[in-house]
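See structure below.
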Amino acid sequence: MKNYKPKNRFTGQTYINGVLKRDRVLLSREITFIESNLESDKVLAKEITQEILLHTGKSI
């Protein structure tokens, strides 16, 4: 049996900066967090999304 090794996870600010810089990898991870059923992913997704919305102007 293989030992479980958690995936590398960046800070919320790293994801925010990546999405704002149009980094497709970090954007795809953000989408994965939004779709996840894990509570920790939902919390991170909410943090990232709220910060990104501040940079969208008046769009929803």
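With the numbering used here, you'll find the sequence shown wraps up at 886, consecutive numbering, no jumps.
Every residue gets a Cβ at the ideal spot worked out from N, C-alpha and C, and that includes glycine.
Keep in mind it's a predicted model, so treat the numbers as computed, not measured.
For Gly838, the enclosing alpha helix (DSSP H) has its first and last residue at Gly838 to Leu846.
Each of Lys884, Leu879, Glu877 and Val845 was checked against the Cα of Glu856, and the nearest Cα belongs to Val845. Leu853 is not a Cβ neighbour of Phe836, given a cutoff of 9 Å. Annotation: Glu877 to Ser866 spans about 17 Å, alpha carbon to alpha carbon.
Relative to Thr840, the option among Gly883, Ala871 and Thr882 whose CA is nearest is Ala871.
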